[in-house]
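Down below is the structure, laid out as structure tokens.
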Amino acid sequence: MRWPVPEAEHMDPGTLGCQGCGGALSMRLVLKEVGPDAIAVLPACCWSIIDGPWPLHALDIPVFHTAFETAAVVATGIKAAKAMKGEDPTVVAWAGDGGTFDIGLQALSGAAERNEDIVFVCYDNEAYMNTGIQRSSATPAGTWTTTTPEERPEPRPKKDIMGIMAAHRVPYAATATVAYPGDLAHKVQTAVAAKGGMRFLHLLSACPPGWKMAADQAIEAMRRAVQARVFPLYEVRDGRDYTITVWPERNVRLEDYLSLQGRFTPLLADQDMLERVKADVAERWRLLVERHEHSRRLVGTGR
Amino acid sequence: MREYIDGATAIVRGALAAGCDFFAGYPITPASGILMAMMRDLPRTGGVAIQGEDEIASIGMCIGAAMAGSRAMTATSGPGISLYSENIGLAIMGEVPLVIVDVQRLGPATGGATTVSQGDVQFVRWGTAGGYPIIALCPTDVADCYRLTVRAFELAERFRCPVFLLTDKEVVMTPATVAADAFVPLPVPERTTADTGLPYEFVPAGDVPALHLIGDGAAVRFTGSTHDEGAFITKHGPTIEALNRHLAAKVDDHVAEITMMDHIAQAGAATLIVGYGVTAGAVASAVELSDSPLAALIVRSVWPVPEEAIRDALAGIDRVVVPELNLGLYRREIERLAGDREVVGVNRIDGDLISPQQILEATA
Numbered sequence: 001m002r003w004p005v006p007e008a009e010h011m012d013p014g015t016l017g018c019q020g021c022g023g024a025l026s027m028r029l030v031l032k033e034v035g036p037d038a039i040a041v042l043p044a045c046c047w048s049i050i051d052g053p054w055p056l057h058a059l060d061i062p063v064f065h066t067a068f069e070t071a072a073v074v075a076t077g078i079k080a081a082k083a084m085k086g087e088d089p090t091v092v093a094w095a096g097d098g099g100t101f102d103i104g105l106q107a108l109s110g111a112a113e114r115n116e117d118i119v120f121v122c123y124d125n126e127a128y129m130n131t132g133i134q135r136s137s138a139t140p141a142g143t144w145t146t147t148t149p150e151e152r153p154e155p156r157p158k159k160d161i162m163g164i165m166a167a168h169r170v171p172y173a174a175t176a177t178v179a180y181p182g183d184l185a186h187k188v189q190t191a192v193a194a195k196g197g198m199r200f201l202h203l204l205s206a207c208p209p210g211w212k213m214a215a216d217q218a219i220e221a222m223r224r225a226v227q228a229r230v231f232p233l234y235e236v237r238d239g240r241d242y243t244i245t246v247w248p249e250r251n252v253r254l255e256d257y258l259s260l261q262g263r264f265t266p267l268l269a270d271q272d273m274l275e276r277v278k279a280d281v282a283e284r285w286r287l288l289v290e291r292h293e294h295s296r297r298l299v300g301t302g303r
Numbered sequence: 304m305r306e307y308i309d310g311a312t313a314i315v316r317g318a319l320a321a322g323c324d325f326f327a328g329y330p331i332t333p334a335s336g337i338l339m340a341m342m343r344d345l346p347r348t349g350g351v352a353i354q355g356e357d358e359i360a361s362i363g364m365c366i367g368a369a370m371a372g373s374r375a376m377t378a379t380s381g382p383g384i385s386l387y388s389e390n391i392g393l394a395i396m397g398e399v400p401l402v403i404v405d406v407q408r409l410g411p412a413t414g415g416a417t418t419v420s421q422g423d424v425q426f427v428r429w430g431t432a433g434g435y436p437i438i439a440l441c442p443t444d445v446a447d448c449y450r451l452t453v454r455a456f457e458l459a460e461r462f463r464c465p466v467f468l469l470t471d472k473e474v475v476m477t478p479a480t481v482a483a484d485a486f487v488p489l490p491v492p493e494r495t496t497a498d499t500g501l502p503y504e505f506v507p508a509g510d511v512p513a514l515h516l517i518g519d520g521a522a523v524r525f526t527g528s529t530h531d532e533g534a535f536i537t538k539h540g541p542t543i544e545a546l547n548r549h550l551a552a553k554v555d556d557h558v559a560e561i562t563m564m565d566h567i568a569q570a571g572a573a574t575l576i577v578g579y580g581v582t583a584g585a586v587a588s589a590v591e592l593s594d595s596p597l598a599a600l601i602v603r604s605v606w607p608v609p610e611e612a613i614r615d616a617l618a619g620i621d622r623v624v625v626p627e628l629n630l631g632l633y634r635r636e637i638e639r640l641a642g643d644r645e646v647v648g649v650n651r652i653d654g655d656l657i658s659p660q661q662i663l664e665a666t667a
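Quick mapping for you: the protein sequence lines, in order, are chains R and P. Position 153 (the first sequence) corresponds to 153 in our numbering; numbering is contiguous. Position 256 (the second sequence) corresponds to 559 in our numbering; numbering is contiguous.
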């Protein structure tokens with residue numbers, strides 16, 4: 001793991017991101033690692049606003065604002081045309097959870113199945129924050145949003161996008177968060193180096209206005225998500241080889257993560273649902289550890 | 304009693320008053336207020352509101368629900384209408400009663416999510432392959448949003464076709480003070496259903512068959528392909544022609560019944576202003592502010608074009624002014640009716656509204 005990260009900046013200060021925006025912090029760090037040869041493809045998402053209007057735009061790399069459902073496929077087209085000309089930029093599709101889990105999933109699945117030579121980054125703030133905090137299929141169970149009101153909070157668990165990507169057998173998929181910048185930087189380096197196929201990064205990205213919490217708690221919330229095993233940090237190679245990269249060390253309970261955020265008020269008030277969510281978190285963690293250990297046993301088997 | 308509410312709230316109230324019990328939509332500015340209010344309010348009335356994974360899913364759910372007996376509505380903006388396109392055609396072909404709200408924003412493409420526009424007025428008319436008629440109503444203000452939403456449900460039932468409520472960002476998102484009696488209860492639109500006979504009877508062409516619900520009574524079929532009156536797929540030329548003439552005639556033969564407009568006639572007026580939607584307010588102000596008499600026509604039923612009513616309003620007129628928040632999309636409909644009269648546009652595509660003064664300058 002290399003640290004510190006490169007000094008060169010490809011994102012200027014003074015963006016239109018909200019205070020504590022995990023998506024803005026993620027972009028800054030990811031671009032430091034990807035470097036100046038990146039081309040960003042942004043579908044409708046917070047980042048289509050955060051980049052800002054001329055002359056206040058934040059990114060100093062080429063930016064392609066595209067239609068909501070097309071991040072993966074427009075990135076595919078750009079990469080194919082560049083490759084024909086003998087050029088080799090890192091084409092980064094950069095989508096929110098809506099543009100990844102929901103409307104973007106068909107294009108993402110197609111690109112993953114064809115093993116397109118792109119890096120797809122999902123910065124996941126777990127709802128449609130840009131249009132006013134509507135739920136997405138990345139919204140966890142028990143959450144308040146403007147379309148899952150307090151009397152009927154989100155009933156279903158978050159969609160397992162990493163499982164979906166692993167099922168496509170993409171060469172490299174990883175979860176990360178800016179709360180663990182060294183781990184994130186290492187995964188971006190790995191993704192950029194793994195040229196020739198589909199690389200997928202799933203970044204948990206705190207949204208203080210949407211998560212209903214203080215902006216200065218953003219990093220702490222993401223850290224607790226990892227420590228409470230809600231958002232484990234791991235990578236998957238070829239859809240089979242699982243490696244947990246950050247093992248929880250602190251004794252952080254699920255409630256310690258939830259209680260930082262006003263959006264989980266309905267969940268904290270519903271003991272039955274809270275128990276189900278706890279059991280689900282524990283079960284997912286157990287499965288992940290099993291996969292990690294199973295992958296270690298396979299090392300050297302020549303599989 | 305007065306209320307300070309926005310058009311989204313008025314549309315939701317209108318839908319509930321009209322018996323809407325199914326809504327599906329996807330977040331998009333400036334239509335998200337309708338989605339959020341429906342997700343909150345519809346389940347309280349026993350209805351179903353679903354946030355789809357995209358626009359294609361949302362309108363698809365509405366078509367399924369409508370054909371199984373729900374009164375369905377969806378709401379989006381230009382980029383979402385673009386994704387609705389194939390399913391708009393399916394609803395036309397399958398004769399599905401369905402209300403589609405288009406909250407117009409500036410296009411093309413992403414355009415301006417919070418920028419007012421009337422750029423979809425021809426798009427909703429021709430927004431699917433094949434070129435068959437639709438109905439579109441265009442509210443001018445918050446109170447109109449309620450009334451025209453109810454009317455849209457009535458027309459969807461009456462003509463078994465998708466009916467657009469063509470609104471815009473300002474009318475839907477800008478709160479206004481509205482007299483509470485603007486929200487008087489209106490009768491729930493009648494629905495004529497049948498479970499015997501031909502589910503898609505299209506002879507004579509201008510008649511509308513009773514709605515046969517899928518899964519009710521006889522084994523009702525549904526298809527987006529050319530079909531006979533039983534919805535069995537056919538390649539039989541005369542049957543296909545009869546079907547397609549029916550899909551057009553059932554709307555085109557009833558223009559007078561669909562027509563909704565306000566005509567401000569003034570003695571001695573030689574200039575007529577034709578407006579619709581959010582520009583109606585500026586049109587009315589221009590008429591009031593003018594030193595010389597001006598006539599005005601506010602078209603609420605923009606599709607099908609109320610040609611007879613427009614021709615009537617053109618009597619004695621030698622100049623027509625058409626203010627629009629586009630480059631003259633509806634003006635072409637007026638031009639083809641206006642004969643030798645001079646037709647001029649007042650057009651803005653910069654995200655600002657047209658002022659009464661701009662209209663007055665064009666009338667001079």
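We put the beta carbon where it would ideally sit given N, CA and C, even for glycine.
Range covered by the alpha helix (DSSP H) that runs through residue i
i	result
R:E255	254-258
P:S658	No alpha helix (DSSP H) holds P:S658; DSSP gives it neither H nor E.
R:T265	265-268
Chain-ordered neighbours of residue i on chain P, where CB pairs are closer than 8 Å
i	result
R:S137	E356
R:C67	Residue 67 of chain R is actually Ala in this sequence, not Cys. The contacting residues are P382, A412, T413.
First and last residue of the uninterrupted beta strand (DSSP E) at residue i
i	result
P:M376	375-379
P:H549	Taken as a continuous stretch (DSSP letters only), P:H549 belongs to no beta strand (DSSP E), being part of the alpha helix (DSSP H) at 540-555.
P:G578	574-578
P:M564	564-567
R:T245	241-246
Cross-chain neighbours of residue i in chain R, by beta carbon under 8 Å
i	result
P:L338	Q134, T147
P:P346	R152
Residue i in three-state terms, based on DSSP
i	result
R:V178	coil
P:T417	strand
P:I620	coil
R:R303	Bear in mind that a pLDDT of 49 at R:R303, under 50, signals an unreliable position, so the number given afterwards is only what the model happens to contain. Here R:R303 sits in coil by DSSP.
R:R199	strand
R:A112	helix
P:A311	helix
R:R229	coil
P:S264	This structure cannot settle anything about residue 264 of chain P, because the visible part of chain P is limited to 304 through 667.
R:M1	Low confidence applies here, because R:M1 scores a pLDDT of 49, under 50, leaving its location unreliable and the question unanswered by this model.
P:R428	helix
P:N650	strand
P:P465	strand
R:L184	helix
P:P626	strand
Which listed residue (the options) has its alpha carbon closest to that of residue i
i	options	result
P:M564	P:R639, P:S595, P:G383, P:W606	P:W606
R:A269	R:P43, R:A58, R:D37, R:G142	R:G142
P:N629	P:E457, P:P436, P:G397, P:G648	P:G648
P:D498	P:P488, P:G631, P:G518, P:V511	P:G518
R:T245	R:D238, R:R253, R:P232	R:P232
R:E126	R:R240, R:A107, R:N115, R:G98	R:G98
R:I118	R:A38, R:T146, R:A279	R:A38
R:R276	R:P155, R:A179, R:G52, R:H186	R:P155
Listed by chain order, chain P residues near residue i by CB distance under 7 Å
i	result
R:A44	T413
R:D102	E356, D357
R:Y128	P330
Cβ-Cβ separation, residue j to residue i (assumed contact under 8 Å), whole Å
i	j	result
P:M364	P:A352	Not quite, the Cβ-Cβ distance comes to about 10 Å (not below 8 Å), so this is no contact.
P:C441	P:L469	5 Å
P:R622	P:T574	5 Å
P:L657	P:L550	First, the residue type needs correcting, since residue 657 of chain P is Ile and not Leu in the sequence shown. With a Cβ gap of about 35 Å, P:I657 and P:L550 do not count as contacting.
P:A522	R:A67	The Cβ separation is near 40 Å, so there is no contact.
R:S295	R:T243	7 Å
Listed by chain order, chain R residues near residue i by CB distance under 9 Å
i	result
P:S604	Residues of chain R passing the Cβ test: none, with the nearest at roughly 30 Å.
P:R343	T146, T147, P149, E151, R152
Contacts that residue i makes with chain R (C-beta to C-beta distance below 7 Å)
i	result
P:S361	Those within 7 Å of P:S361 in chain R number zero; the least Cβ separation is about 10 Å.
P:I331	T131
P:S335	T131, G132, Q134
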